[in-house]
Each structure stands twice: as C-alpha cells, then as structure tokens.
Amino acid sequence: MGTELSHLCKTSLYRAVFSHDRDESVVFLSADSRDDARARAAAALAAIHRLEVQEVTLSNLASFRELVDIGVSDDEDMRIFELAWKGPQVSAWAEHPLFLINDPSLLGKWAELYADLAREVALAAIDRARG
C-alpha cells in the first residue's frame with residue numbers, strides 16, 4: 072500500500088459504468104449523494120459525447136463505501152477499481168477510467184494499481200522465459 076485516498080474520495084466518491092455505442096466506460100466522480108452523482112455524471116457525459124442528458128445510460132452506480140464493502144483486495148482503497156472476481160481473486164480491473172474529479176490521490180492510486188499489474192505481467196514473463 073502506497074498512496075492513500077483522500078478524505079474527499081472516502082466521503083464523496085462514486086463510480087458508475089457508462090454504456091454508449093457498444094462501449095462501456097468506468098467513470099469516477101465526486102458528489103453529495105447517489106442522485107447528485109447520477110445527475111452530475113449524466114450531465115458531464117452528455118457534454119463529452121454530445122448527447123442529450125436523457126440519452127446517457129449509467130449502471131452499477133456505487134459509493135466508495137459500497138465498493139469497499141464488496142471488494143476483496145487487501146488494500147481497501149484499491150477495491151474501487153475492482154470490476155469482477157473469481158472467488159477471492161480480482162479477475163477484472165477498471166481499464167481506462169474517466170476521472171470526473173480532480174483529486175491527486177485518486178490518480179495516484181490508479182497509477183499504483185497499473186504499476187502493480189505491469190510488475191505481475193513482467194514477473195510472469197520472466198518465469199516463463201526461465202522455463
């Protein structure tokens with residue numbers, strides 16, 4: 072565990088999945104409530120993708136606390152990036168998320184995750200090369 076998420080993230084972070092044109096994107100944002108998160112995400116995504124707000128489809132909207140409660144990583148802050156599990160192991164992580172929040176700790180945590188994942192891939196390749 073390196074980076075610790077800020078108080079802002081721990082008290083107001085939400086994650087949602089945005090579906091558009093057969094693509095799905097994970098979106099992180101700060102909001103005062105679930106309804107506020109849905110409204111803010113829809114407005115921002117509508118502007119980004121040149122859609123009407125009512126055309127924005129969001130799913131799996133969850134707060135920081137909800138994400139921590141369902142996650143399995145030893146580092147609780149890392150759980151916000153978990154998308155799927157096989158038993159006690161994470162089988163899918165958020166890839167290329169859209170951060171609609173300007174919080175350095177969140178960006179740092181995501182960078183930490185991908186550094187860890189790159190390290191695992193490199194070590195596996197070294198092990199395969201050794202035979």
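Here the sequence shown stands for residues 72 to 202, where the numbers follow our numbering. Where is the CB? At the ideal position from N, CA and C, for every residue including glycine.
Residue i Cβ short of 6 Å to the ligand GTP heavy atom set
i   : result
L79 : Within the structure as shown, the ligand GTP is missing, as the structure has no ligands at all.
Of the residues the options, the one placed nearest residue i, counting alpha carbons only
i    : options                   : result
E140 : S90, T128, S130 and E153  : One detail in the question is off: residue 140 reads as Asp in this sequence, not Glu. The option with the nearest alpha carbon to D140 is E153.
C80  : A189, S101 and T128       : S101
P159 : G142, D107, E166 and D174 : G142
Rounded straight-line distance, which links the Cα of residue j to that of residue i
i    : j    : result
I151 : A193 : 24 Å
T82  : L129 : 21 Å
Residue burial classification, residue i (beta-carbon count within 10 angstroms, cutoff 16)
i    : result
Y85  : buried
K180 : buried
Sequence-distant residues of its chain with Cβ nearer than 6 Å to residue i (five each side left out)
i    : result
A115 : L171
S134 : Y85
R111 : L100 and A102
Close-in-space but distant-in-sequence residues of the same chain around residue i (CB under 7 Å, 5 per side omitted)
i    : result
L138 : R86, R150 and I151
Worksheet item: Taking one C-beta from the stretch 107 to 125 and one from the stretch 84 to 98 each time, how about it: are there three or more such pairs within less than 8 Å?
Response: yes
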